[in-house]
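Heads up: the protein sequence lines correspond to chains S and H, in order. Whatever position you read off the first sequence (first residue = 1), add 525 for my numbering. Whatever position you read off the second sequence (first residue = 1), add 525 for my numbering. Yeah, the Cβ is synthetic: ideal placement off N, Cα and C, and Gly gets one too. Contents: one structure, followed by commentary.
2 protein chains.
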Amino acid sequence: MVKYSSRSLNRTFAALADPTRRHILAHLASGDKCVTHLARPHAMSLPAVSKHLRVLEKAGLLQRRRYGRVHEMQLDAKPLKQAAQWVEEYRKFWQGSLDRLAEYLEKENRPPEKRKTR
Amino acid sequence: MVKYSSRSLNRTFAALADPTRRHILAHLASGDKCVTHLARPHAMSLPAVSKHLRVLEKAGLLQRRRYGRVHEMQLDAKPLKQAAQWVEEYRKFWQGSLDRLAEYLEKENRPPEKRKTR
DNA sequence: AGAATATTTAACCATCTGGTTAAGTAATAG
DNA sequence: CTATTACTTAACCAGATGGTTAAATATTCT
């Protein structure tokens with residue numbers, strides 16, 4: 526069993542619970558972006574986006590670097606890894622049927638011969 | 526790219542953002558439980574737990590069956606699977622960029638062994 | 001210096017959240 | 001029938017959340 530920081534999981538999951546923030550993260554996955562750029566596709570004011578960014582930042586999901594007046598945001602998925610581990614750890618139990626558990630385990634311990642790209 | 530139901534992800538992540546609810550889910554992983562049983566380890570009133578259960582139920586993370594006056598809760602991991610996929614999809618971007626970074630660093634000053642776990 | 005740009009902070013508002021206590025409903029036990 | 005048990009609903013409260021507009025700050029452009 527892995528040990529998780531409750532505080533960190535709270536913040537991470539809460540950050541992911543908002544569609545605007547998930548969209549921002551998705552956007553950031555294709556490269557670093559500044560605030561104005563991130564705000565453009567969203568039908569809301571800049572301060573609203575600014576707040577979302579602060580939430581993501583506090584959750585550790587992105588890092589901010591200032592170049593003059595421009596704030597450049599960079600994705601940091603470390604907290605995501607923690608969250609993914611938490612979900613997977615319990616999902617294995619919950620997946621219900623033994624068949625699906627077996628399928629999961631098979632994916633995990635696949636012999637090295639036919640390596641999938643990814 | 527996988528398509529996700531935004532509504533469902535909102536509810537799932539929001540449900541997971543509370544430590545009491547995560548604890549309840551973890552508890553339920555070891556078998557179905559009734560409300561009173563689930564409430565016992567938590568320092569809060571029964572109605573409070575009842576509310577948490579409703580949140581989990583609305584998120585589809587558990588199903589309720591009534592046997593007389595007892596409500597028995599059972600885990601349902603379907604929404605978790607969706608959530609896990611979402612997280613993994615984006616986490617891989619990060620992992621990818623980390624690997625690219627590692628590759629770059631390797632050219633610079635070749636580290637002897639595996640990457641540090643951070 | 002003055003204007004424009006990038007972004008944050010402040011103040012405000014409505015709604016949601018997580019808890020409480022008190023009362024209500026339904027099933028079981030005596 | 002009455003009491004107890006299991007659980008929910010209702011009413012309430014404090015604090016968080018997600019949005020707004022207006023003002024402030026800092027940087028760059030002319």
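{"Check": "Which residues in the same chain as serine 622 of chain S place their Cβ atom closer than 6 Å to its Cβ, once the five residues preceding and following it in sequence are excluded?", "Outcome": "Only weak support exists for where serine 622 of chain S lies, its pLDDT of 44 falling under 50; the value from the coordinates is given anyway. Excluding residues within five positions, none has a Cβ falling inside 6 Å."}
{"Check": "Just list the residues that DSSP pairs lysine 558 of chain S with in beta bridges.", "Outcome": "S:Met598"}
{"Check": "Are the CB atoms of leucine 581 of chain S and arginine 616 of chain H within a distance shorter than 7 Å?", "Outcome": "no"}
{"Check": "Specify the secondary structure class of leucine 550 of chain S as computed by DSSP and reduced to three states.", "Outcome": "helix"}
{"Check": "Could you name the residues of the same chain whose beta carbon sits closer than 6 Å to that of glutamine 588 of chain H, not counting the 5 residues immediately before and after it, in chain order?", "Outcome": "Gln599 and Asp601"}
{"Check": "From the beta carbon of alanine 584 of chain H, is the nearest beta carbon of chain S less than 7 Å away?", "Outcome": "no"}
{"Check": "Please report the Cβ distance between arginine 532 of chain S and histidine 577 of chain S, rounded to the nearest whole angstrom; I am assuming they are in contact, meaning their Cβ atoms lie under 8 Å.", "Outcome": "That pair is no contact at about 20 Å."}
{"Check": "Three Cβ pairs or more, each shorter than 8 Å: is that satisfied between the region 537-557 of chain H and the region 541-555 of chain S?", "Outcome": "yes"}
{"Check": "Histidine 651 of chain S and valine 560 of chain S look like a contact to me (Cβ under 8 Å); what is the Cβ gap, rounded to whole Å?", "Outcome": "Any answer about residue 651 of chain S is impossible in this case: the structure gives chain S only from 526 up to 643."}
{"Check": "So which of H:Gly593, H:Arg536, H:Ser555 and H:Leu534 has the shortest CA-CA distance to glutamate 614 of chain S?", "Outcome": "H:Ser555"}
{"Check": "Which bits of chain H does leucine 605 of chain S rub up against, with CB to CB less than 8 Å?", "Outcome": "Val612, Tyr615, Arg616 and Trp619"}
{"Check": "Could you list which residues in chain H have their beta carbon closer than 9 Å to that of alanine 573 of chain S, in chain order?", "Outcome": "Per Cβ cutoff of 9 Å: no residues; alanine 573 of chain S is ~17 Å from chain H at best."}
{"Check": "Buried or exposed: which applies to arginine 536 of chain S, given that a residue is buried once 16 or more other Cβ atoms fall within 10 Å of its Cβ?", "Outcome": "buried"}
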